[in-house]
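Data block below; observations after.
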Amino acid sequence: MKMRIEPNGSGGRGEMSSESRKGKRRQKRIPAVQKLYETCKEVFVDCGPGIVPSPENVEKLAAVLDGMTQEDVGLRPNMPCFSKERAPIITYMRLHECNKFSIGIFCLPPKTVIPLHNHPGMTVFSKLLFGTMHIRSLDWADKADDCKTMSAVDPKNNNGLCLAKVKVNSELTPPCNTSILYPADGGNMHRFTAKTACAVLDVLGPPYCDPEGRHCQYYQELPFPQISVGGDVSVEVEEERFAWLKEMEKPDDHVIVGVAYNGPKIVRK
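Heads up, the numbering used here is the position in the sequence shown plus 17, with the first residue counted as 1.
Right, here's the structure in full:
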């Protein structure tokens, strides 16, 4: 005896399989930027200044960013904003910003630099979409970093210098994992140098906010082979591990121009 399946039946085995397949196809059509936005909403919902998402949520957001490509945000290396013929101006495309998080893309022509700067109270995810970029990041040094050095050196001296420890000093080229920094660890202060045209997808939680005291501070880095600790006494310090940092005004030649984002749209929910 053969089972008859009505064309417009409800609950037939054939119809359920068809609906299931349609549902899967609909899920696959969700743009990557939409998934990123929705994941950010979930990850940062209970976070704020200095409050880091749980390790599980950090991993979840990093996994979404790890899987994203330049095509997911409608970028191509031959776009005018990446041209080496134009003035060395960095552009920023804002995809979304609210009081909990921001999503944006930095577009850097070759040889441009985002100077050493901090991210007060923020957790930051940076995904290099294409290009070769040198990243140097540092955290403030403390006694737990290097007892021998810190016992001989005052981390804050009379010249306004503060001792920092190098976390990352290397070049990245995709495919590479998302870089993550935390309010007090992971390289909260970093500098980007574009060796070639580069695009960096950035997620900040929470974003900068001057009225709330989260403003961007810039630093001058002063490397050293040794540190004077008073009189004729000095202590040898590995230059690649530590550096003096001094707060400075935003460099005059550091220009970031906002441009419209024209990639796949985000549906705010």
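Built from N, CA and C at the ideal position, the CB exists for glycine as well.
Beta-carbon contacts of residue i that lie in its chain and below 6 Å, excluding the five residues immediately before and after
i: K267; result: Y235
i: A49; result: M85, D89
Neighbourhood of residue i by C-beta distance below 7 Å, restricted to the same chain and skipping five residues each side
i: K182; result: L155, D156, A158, D162, R258, F259
i: N279; result: G91
Other residues of its chain near residue i: CB distance less than 8 Å, five sequence neighbours each side excluded
i: R231; result: P66, P137, G138, M139, P223, P224, Y225
i: A79; result: F142, N194, T195, I197
i: V62; result: K117
i: V274; result: I106, I107, T108, Y109
i: L82; result: L53, F142, K144, T195, L218, V220
Minimum Cβ-Cβ distance from residue i to chain D less than 9 Å
i: N186; result: You won't find chain D in this structure, because it holds only one protein chain.
Residue i (DSSP reduced to helix, strand or coil)
i: C98; result: helix
i: S168; result: Low per-residue confidence applies at S168: pLDDT is 44, beneath 50, and the placement is therefore not dependable enough to give any value.
i: P72; result: helix
i: P240; result: coil
i: P228; result: helix
i: V130; result: strand
i: Y235; result: strand
Buried or exposed by the 16-neighbour rule on C-beta atoms within 10 Å, applied to residue i
i: P72; result: exposed
i: G148; result: buried
i: N205; result: buried
i: K263; result: exposed
i: P192; result: exposed
i: P70; result: buried
i: C57; result: buried
Contact belief for residue i with residue j at Cβ below 8 Å, rounded distance in angstroms
i: S187; j: I152; result: 7 Å
i: V272; j: I120; result: Wrong, their Cβ atoms sit about 22 Å apart, outside the cutoff.
i: A216; j: L146; result: 4 Å
i: V276; j: C98; result: 7 Å
Please determine if the stretch 190 to 199 and the stretch 107 to 126 are in contact, where contact requires at least 3 C-beta pairs separated by less than 8 Å.
-> no
Pairing CB atoms from the stretch 119 to 139 with CB atoms from the stretch 202 to 213, are three or more of them under 8 Å?
-> yes
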